[in-house]
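Beneath this line is the structure, given in C-alpha cells, with notes to follow.
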Amino acid sequence: MSESLLRARHSARSFKNQEIDTKLIKDIIAEAQWAPSWCNSQPWKAYVLTGEAAKKMHESHHTNVMGNKKSWTEVVPPQFTDKDWSAAEWTNMRDFWQAGDVSPFPEDGSTDKLGFNKESAWDFHAPAIVYITIPKNATMFSAYDAGAFGYGITLAAREQGVDCIPAYEFIRYPQEIRQVIDIPEDEAIFMGIGLGYAQENEDLNRINEFEKHPRAKTDDILQIVK
Ligand SMILES: Cc1cc2nc3c(=O)[nH]c(=O)nc-3n(C[C@H](O)[C@H](O)[C@H](O)COP(=O)(O)O)c2cc1C
1 MSESLLRARH SARSFKNQEI DTKLIKDIIA EAQWAPSWCN SQPWKAYVLT GEAAKKMHES
61 HHTNVMGNKK SWTEVVPPQF TDKDWSAAEW TNMRDFWQAG DVSPFPEDGS TDKLGFNKES
121 AWDFHAPAIV YITIPKNATM FSAYDAGAFG YGITLAAREQ GVDCIPAYEF IRYPQEIRQV
181 IDIPEDEAIF MGIGLGYAQE NEDLNRINEF EKHPRAKTDD ILQIVK
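Heads up: the sequence shown runs through residues 1 to 226, numbered per UniProt numbering.
Printed below as a string of C-alpha cells:
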C-alpha cells in the first residue's frame with residue numbers, strides 16, 4: 001500500500017513564523033465537520049487564535065510555564081500512575097519516549113539532543129491554535145466524537161500542506177484562553193491543536209525529527225473472528 005494521508009501525518013513541534021491564510025483554516029475546519037458523531041449530534045465547537053492573538057497566547061503561556069504556574073484543564077487529565085494506564089499503554093508510552101530519547105516533560109529546563117527545551121518548545125509557537133470544546137456535561141461518546149473531529153482537522157490540514165500537533169499543552173491554562181475568547185461557561189475546553197508550517201530540522205532545532213512514532217503490532221490490538 002502506498003503511504004496514505006494517515007501515515008503522512010505526524011505531529012510537528014516547531015513551526016515557521018509563517019501565518020496560515022484564514023480561509024484555509026476555515027476550509028480545514030469545514031472538512032473536519034464531516035466527522036461522524038452520535039446521532040449526528042456534532043458536540044464540538046472550534047475557536048481559533050491566529051496572528052497577534054496567537055503570539056500573545058504563546059507569550060503568556062511561556063510566562064506561566066517558566067513561572068511554574070499551577071494549571072488544571074477543564075476536562076480531568078490522566079495522571080502518570082498505574083490507576084490511569086494499563087501495562088500495554090505504559091509500554092507504548094515508553095517506546096514513544098525512547099524513540100526520540102527525549103522526555104516530553106523536561107522539568108529542569110534542560111535542552112535535550114533534539115533541542116526540546118522548556119523555553120522554546122512548550123507550546124511550539126504554532127501560528128494558529130484551534131481550541132475544541134464540548135458541552136461540560138458531555139458523555140464519553142461526545143468525547144469520542146470530538147476526537148474524530150480533531151483527528152479530521154489533523155488530516156484535512158495535512159492534505160492542504162499544513163502541519164499540526166494536537167497537544168494537552170495548549171489547554172493547560174484555560175483561564176488565559178477564556179480571557180481572550182468568549183467561550184460559553186457550559187462548554188469545556190477539551191483539546192488544542194496547533195497549526196502551521198513545520199520548521200526544517202536544523203542543528204539546534206531537531207525537534208521535528210521526533211516523528212514517525214512506532215505503533216503497537218496490529219496483531220496485538222486486533223482480533224478478527226470469522
Ligand atoms: C490528546 C493528546 C494530547 C497530546 N498532548 C501532547 C503534548 O502536550 N505535548 C506533545 O509534545 N505532544 C502531545 N501530543 C502528541 C502525541 O505525543 C503524538 O500524537 C503521539 O506521540 C503520536 O505521534 P504522531 O502524532 O507524530 O503520530 C498529544 C496527542 C494527543 C492525541
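Every residue gets a Cβ at the ideal spot worked out from N, C-alpha and C, and that includes glycine.
Residue range of the unbroken beta strand (DSSP E) whose run includes residue i
{"i": "Y47", "result": "K45 to T50"}
Inter-residue spacing [alpha-carbon to alpha-carbon] between residue i and residue j
{"i": "E169", "j": "K226", "result": "43 Å"}
{"i": "H62", "j": "I171", "result": "13 Å"}
{"i": "F149", "j": "S71", "result": "25 Å"}
{"i": "E159", "j": "P184", "result": "31 Å"}
{"i": "G115", "j": "Q33", "result": "A caution first: G115 carries a pLDDT of 49, below 50, which makes its placement in the model too unreliable to give a value."}
{"i": "P127", "j": "A12", "result": "12 Å"}
{"i": "T81", "j": "V75", "result": "18 Å"}
{"i": "T22", "j": "P166", "result": "19 Å"}
{"i": "residue 241", "j": "A53", "result": "Since the first residue of the chain shown is 1 and the last is 226, residue 241 is not available in this structure."}
{"i": "residue 290", "j": "K16", "result": "As shown, the chain starts at 1 and ends at 226. That puts residue 290 outside it, with no answer to give."}
{"i": "K83", "j": "S37", "result": "29 Å"}
{"i": "C39", "j": "F141", "result": "11 Å"}
{"i": "L24", "j": "S86", "result": "39 Å"}
{"i": "Y47", "j": "A143", "result": "17 Å"}
Proximity of residue i and residue j at Cβ, strictly below 8 Å
{"i": "I20", "j": "V180", "result": "no"}
{"i": "I193", "j": "I153", "result": "yes"}
{"i": "D145", "j": "W44", "result": "yes"}
{"i": "S14", "j": "F96", "result": "no"}
{"i": "A216", "j": "N92", "result": "yes"}
{"i": "Q79", "j": "G196", "result": "no"}
{"i": "I28", "j": "A198", "result": "no"}
{"i": "E187", "j": "T139", "result": "no"}
Enclosing alpha helix (DSSP H) for residue i [first to last residue]
{"i": "P174", "result": "P174 to V180"}
{"i": "T154", "result": "M140 to E159"}
{"i": "E31", "result": "T22 to A32"}
{"i": "D219", "result": "T218 to I221"}
Residues sharing a beta bridge with residue i, DSSP
{"i": "C164", "result": "S11 and L195"}
{"i": "T73", "result": "Partner(s): none; T73 has no beta bridge."}
{"i": "A133", "result": "Reading the sequence as shown, one finds Thr at residue 133 and not Ala. Paired residues: K45 and I189."}
{"i": "A128", "result": "T50 and L195"}
Contacts around residue i, its chain only, beta-carbon distance under 8 Å, and the 5 residues preceding and following it disregarded
{"i": "N68", "result": "none"}
{"i": "residue 227", "result": "Summary: the structure shown does not reach residue 227, with the chain confined to residues 1 through 226, and so no result is reported for it."}
Other residues of its chain near residue i: CB distance less than 6 Å, five sequence neighbours each side excluded
{"i": "N64", "result": "Y173"}
{"i": "P104", "result": "Any reading at P104 is ruled out, since the residue's pLDDT is 46, under 50, leaving its predicted position unreliable."}
{"i": "E176", "result": "S60"}
{"i": "M57", "result": "L49"}
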